[in-house]
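**Student:**
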Amino acid sequence: MDRRLAGGWRRVRKYHLRTQRGGRFGGSGTGRQGRRGNPQDPAALPLLRPCYRLDRLWHRNRRHLQRGLYRRCDDHGADDRPDRALQPANGLRLRSLTVASAGHVDHGKTLLVRNLTGVDTDTLAEEKKRGLSINLGFAYKRYEADGHDCLLGFVDVPGHIDFIGNMLAGVGAVDAALLVVAADDGVMPQTIEHAAILDLLDIRSGCVALTKIDRASKTRLNKVKAEVRELLAGGGLAGAPVFPVSNLDGGGIDRLTGFLHQLLQTKYRRAQLAENRMFRFLIDRSFSVRGIGAVVTGSCRAGEAAPGRSLLHSGSGDETRIRGIRVHQEDRDQLQQGERAALNIAIEQSLAGRGDWLLDARLRHPVTRFDARLRLLPGTAEPRPNTRYHLHVGASHHLVTLRRLGPDRKKDDFFQVKTREPVHVLYGDRFILRDPAASHTLGGGSVIDIFVPARGRDTGERLAILAAMDQEPEAACKALTRLLPDGLDFDRFSLCRNLGAAAVAEITGKLQRPPENCIALTVEASEYPLLLSQEHYRRHRDAVLSALAGHHRAHPDRQGVGESQLTRVTELRTSRPLLKALVAKLLEEGAIARSGSLLHLPGHSTRLGEQVENLLRKLRPILQKAGTVPPRTRELAEMTGLPLAALEKALRQAEISNRLVKVADNRHYLPETIRELAALVEKLAGGPGGKQGFSVIDFRDASGIGRNLCIEILEYFDGIGYTRREDNLRFMRTSREKLFER
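Counting in my numbering, the sequence shown runs from 333 upward without gaps.
1) Quick one: using the 10 Å Cβ neighbour count with 16 as the cut-off for buried, is residue 551 buried or exposed?
2) I'd like the span of the alpha helix (DSSP H) that includes residue 276, first residue to last.
3) Just how far apart, CA to CA, sit residue 1057 and residue 638?
4) Specify whether the stretch 779 to 792 and the stretch 866 to 885 touch according to this definition: at least 3 beta carbon pairs, one from each stretch, less than 8 Å apart.
5) Can you look up residue 834 in the DSSP assignment and give me helix, strand or coil?
6) Under 6 Å Cβ to Cβ from residue 1048, same chain only, skipping five residues before and after it: list those, please.
7) Taking all protein chains shown into account, decide if residue 1024 is buried (16 or more other Cβ within 10 angstroms of its Cβ) or exposed.
8) To the nearest angstrom, report how far apart residue 546 and residue 578 are at their CA atoms.
9) Do the stretch 695 to 711 and the stretch 661 to 675 touch if we need at least three Cβ pairs shorter than 8 Å?
10) In or out: residue 871 buried (at least 16 other Cβ within 10 Å) or exposed?
11) Could you check how far apart the C-beta atoms of residue 610 and residue 694 are, in whole angstroms? I think they sit under 8 Å.
12) Helix, strand or coil, according to DSSP, for residue 697 in the structure here?
13) Kindly indicate which residue of 711, 803 and 791 has the alpha-carbon position closest to the one of residue 774.
14) For a test of the three-state rule: what should DSSP assign to residue 436, helix, strand or coil?
15) Quick check on the burial criterion: 16 or more other C-beta atoms within 10 angstroms. Buried or exposed for residue 1054?
16) Near residue 555, which residues of its chain fall below 8 Å by C-beta distance, leaving aside the five closest residues on each side in sequence?
17) If you follow the alpha helix (DSSP H) that residue 1052 is in, where does it begin and where does it stop?
18) Let me know the secondary structure DSSP gives residue 611 once reduced to three states.
19) Would residue 1049 pass as an interface residue toward chain B - the criterion being a Cβ-Cβ separation below 8 Å?
20) Please confirm whether any heavy atom of the ligand HEM lies closer than 7 Å to the CB of residue 1028.
21) Out of 960, 952, 661 and 564, state which residue places its alpha-carbon closest to the alpha-carbon of residue 509.
22) At 3 residues or longer, and completely inside the stretch 748 to 816: list those beta strand (DSSP E) runs for me, N to C.
23) DSSP state of residue 1056, grouped into three classes?
24) Would you list the one or two residues that DSSP bridges to residue 593?
25) Over the uninterrupted beta strand (DSSP E) stretch that includes residue 651, give me the two end residues.
26) Express the C-alpha separation of residue 720 and residue 374 in angstroms, rounding to a whole number.
27) List the residues that DSSP assigns as beta-bridge partners of residue 932.
28) Does the pairing of the stretch 1019 to 1038 with the stretch 989 to 1007 give three or more beta-carbon distances under 8 Å?
29) If I measure Cβ to Cβ from residue 855 and keep anything under 6 Å in the same chain, skipping five residues before and after, which residues do I get?
30) Spatial neighbours of residue 952 within its chain, please: C-beta separation below 8 Å, excluding the five flanking residues on both sides.
31) Buried or exposed: which applies to residue 576, given that a residue is buried once 16 or more other Cβ atoms fall within 10 Å of its Cβ?
32) Where residue 817 and residue 864 are concerned, what is the direct C-alpha to C-alpha distance, given to the nearest angstrom?
33) Could you tell me which of 929, 623, 1009 and 451 sits nearest to residue 959, measuring between CA atoms?
34) By the 10 Å Cβ neighbour count, where 16 or more other Cβ atoms means buried, how is residue 810 classified, buried or exposed?
35) Pairs of beta-carbons, one from the stretch 822 to 833 and one from the stretch 613 to 623, closer than 8 Å: are there three or more?
36) Within the continuous beta strand (DSSP E) that includes residue 473, where are the two ends?
Shown next as structure tokens:
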């Protein structure tokens, strides 16, 4: 590629990116300007005119330059020099910690972040003009420690009350907090509200920076320290260290930096479950870079991802793909939990915005209702039903209504939250609740369950289930298996808790061993098993066995009952998938048996009248000789010399007892012949478990049976659930052994 072309293009890109909010990737985050970028300054036209030809050449040669340009893009204004050469990667595994600044307006948060990182996070012209932060700012400091490549990131949030929404979007996905208090002002209204928000979001790591110490006496400093400690007492940041610092001469900055470095190392000494969780990426900014496409920046909340991976975009429901990953001046081949990054994704840029998620496709479950535990701040009135409140979760904002679950009004209580539009939330996601005017913070809490029942949402049983769910995964599973008569659905539980296959296998394995000894049932079309406690399983098992025994006593001439009748016979109020799984387990244990489509106790045999037995002795040789093309009912009457009405009555009794199989109104087969035809179907489908489709013509040619009778046989197989029809093809629905092998 011609160096002059590349250099000229850099001039265009350098100016273009500097006119956008947020540095290297541009865009300000929210609203129209945030999505499309700020308009360019007309004064720059003399600079751009000589580069128009180069711009056209760029598009002709963009494949050669695209990767190099993308390498010069960076996340969130961490560097205001987009043409700076990158430092080569040192090959060390990156450790990162994201810290949110918090505190009252004009207490020196932005200047402190600049002293810690060398980056000015106020990039909007309006911010520089007014001297206060309006939007979120981002800065990074990279260093090596203990043989590791470390990245200390800062989210600088606005302190003014008018921009509390931006502040809430910034602290929704951080590891620690840096509460900034000016020594001359002391604790101010936004200091109090920001501290309350950090506590409600359960942020328990961090410290306090006491700024403007050059304006206060020693007595004043001690007084402000006492005020801060009193403010934080009883919360998540209780006992957090206080560091007096000066933004003018740098006094105390080294001690504060050392503590933050220590905090980063402590984070990686704690156990993490990233490898057992599915991918979630919270977007806080989106914009488009010419020649590259849509770029989103945000935080990886769980799991891992690599370029080329397909993900789900929560806002649109569309599938997208990661084209590239960038973490602070470096292209990456993997993104890990806890890291901030910029992702180049294959999606229309206007579809992605602040508060959206990029998700593993298995986490596709938007909801408009969820149950949560809510803690109200002292002195806050009870939320009123049918009143709209402001909910901030992740980086998004929603209007919601709330309903208390249960009569007790404790400090922590359960509420059902209803949103106007679908949202993506999972267990443990923290949220903040503000009043209808969005002027005061009322409280906050965490999501408990996203699978809200249609009825009985505030019964004692439901409240006990919610209390059981609000524990660590293994403890929650133990409690839920004891509470749920129909068992714990791990497909739902794993989605709500964002547990991967390894975590589910570990938990289910432990619960199936002593002392719990839970029973795992395989549910059709489910990825994970259904887990029942021994007590609930014995109750279901005894109900089925007792019902079958009673049916045999009442109807000795019948072989058994079909699965569809089992719910009525046993009076079990269970779901159909659970009943099918229970039947499969009892068949596996040998507690019950199957003859064709009928279920019965293993030792049961039908008792027919002498007249019917004599008739069957006459019919059996005829049907054996006829094979796969049995005579019609009228032909059987002529061959046996019996009246047609008497023959039809006897055939009905033989069918009920499963001695004969009725395929059509005038066709009856021996059970062994039906099993032979079922084996032929299995062969046409590609063998046991085969997914291959076959047509009526295929079955006709393989069996040698006429077309009309083939259709009747295949429709019989459809009716009993052995096959299913899709257009002109049929596919196996279940295995032959489940229906035809005794």
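No residue lacks a Cβ here, since even glycine has one placed at the ideal position from N, Cα and C.
**Tutor:** In brief:
1) Counted from its first residue, the sequence shown places residue 551 at position 219. Exposed: under 16 other Cβ atoms inside 10 Å.
2) No answer is possible for residue 276: the residues shown for the chain start at 333 and end at 1074.
3) Locating residue 1057 in the sequence shown gives position 725, where the first residue counts as 1. Locating residue 638 in the sequence shown gives position 306, where the first residue counts as 1. Each residue's Cα considered, the two are about 40 Å apart.
4) Contact fails: fewer than three Cβ-Cβ distances are below 8 Å.
5) Position 502 of the sequence shown, counted from the start, is the residue given in the question as residue 834. Helix at residue 834.
6) Translated into the one-based positions of the sequence shown, residue 1048 becomes position 716. Cβ neighbours of residue 1048 within its own chain (closer than 6 Å, five residues either side excluded): 995.
7) Within the sequence shown, numbered from 1, the residue matching residue 1024 stands at position 692. Exposed, because fewer than 16 other Cβ atoms sit within 10 Å of the Cβ of residue 1024.
8) Here residue 546 corresponds to residue number 214 of the sequence shown, with the count starting at 1. Here residue 578 corresponds to residue number 246 of the sequence shown, with the count starting at 1. The alpha-carbon atoms of residue 546 and residue 578 are separated by roughly 7 Å.
9) Output reads no: the stretch 661 to 675 does not touch the stretch 695 to 711.
10) Here residue 871 refers to the residue found at position 539 when the sequence shown is read from its first residue. Answer is exposed; the Cβ neighbour count stays below 16.
11) On the sequence shown, residue 610 is found 278 positions in, with the first residue counted as 1. On the sequence shown, residue 694 is found 362 positions in, with the first residue counted as 1. Contact flag correct, Cβ pair sits at about 6 Å.
12) Position 365 of the sequence shown holds residue 697. Under the three-state reduction of DSSP, residue 697 is assigned to coil, being neither helix nor strand.
13) Position 442 of the sequence shown, counted from the start, is the residue given in the question as residue 774. Ranking 711, 803 and 791 by Cα distance to residue 774 puts 711 first.
14) Locating residue 436 in the sequence shown gives position 104, where the first residue counts as 1. Under the three-state reduction of DSSP output, residue 436 falls in the coil class, being neither helix nor strand.
15) Taking the first residue of the sequence shown as 1, we reach residue 1054 at position 722. So residue 1054 ends up on the buried side.
16) Position 223 of the sequence shown, counted from the first residue, corresponds to residue 555. Residues 518 of the same chain have their beta carbon placed closer than 8 Å to that of residue 555, with the five preceding and five following residues left out of the count.
17) As a first step, residue 1052 must be located in the sequence shown, where it is residue number 720. Run containing residue 1052: none; DSSP gives neither H nor E here.
18) Within the sequence shown, numbered from 1, the residue matching residue 611 stands at position 279. Note: residue 611 maps to coil in three-state DSSP.
19) This model lacks chain B altogether; it includes just one protein chain.
20) With respect to the ligand HEM, the structure shown offers nothing to examine, as it has no ligands at all.
21) In the sequence shown, the residue the question calls residue 509 occupies position 177. The shortest Cα separation from residue 509 among 960, 952, 661 and 564 belongs to 564.
22) Fully enclosed beta strand (DSSP E) runs of 3 or longer: 762 to 766 and 773 to 781.
23) For the purposes of this step, residue 1056 is taken as residue 724 along the sequence shown, with counting starting at 1. In this structure, residue 1056 counts as strand in the three-state DSSP scheme.
24) Working through the sequence shown from its first residue, we reach residue 593 at position 261. For residue 593, which the question treats as bridged, DSSP gives no partner whatsoever.
25) Residue mapping note: residue 651 aligns to position 319 of the sequence shown, counting from 1. Element bounds for residue 651: 651 to 658.
26) Within the sequence shown, the letter at position 42 stands for residue 374. Within the sequence shown, the letter at position 388 stands for residue 720. Residue confidence for residue 374 is low, a pLDDT of 33 falling below 50, so the modelled location carries little weight and cannot support an answer.
27) In the sequence shown, the residue the question calls residue 932 occupies position 600. By DSSP's assignment, residue 932 forms a beta bridge with 925.
28) They do not touch, by the three-pair rule.
29) On the sequence shown, residue 855 is found 523 positions in, with the first residue counted as 1. Same-chain partners within the cutoff: 862, 909 and 913.
30) Sequence index remark: in the sequence shown, residue 952 carries index 620 (1-based). If we look at residue 952 and ignore the five residues flanking it on each side, its Cβ neighbours are 1002.
31) Here residue 576 is taken as the residue at index 244 of the sequence shown, counted from 1. Burial call: buried.
32) Looking up residue 817 in the sequence shown gives position 485. Looking up residue 864 in the sequence shown gives position 532. Going by the C-alpha atoms only, they are around 8 Å apart.
33) As a position in the sequence shown, residue 959 is number 627, starting the count at 1. With distances taken between Cα atoms, residue 959 lies closest to 1009.
34) The count along the sequence shown starts at 1 and reaches residue 810 at position 478. So residue 810 counts as buried.
35) Counting Cβ pairs under 8 Å, fewer than three are found: no touch.
36) In the sequence shown, residue 473 corresponds to position 141, counting from 1. Element bounds for residue 473: 469 to 477.
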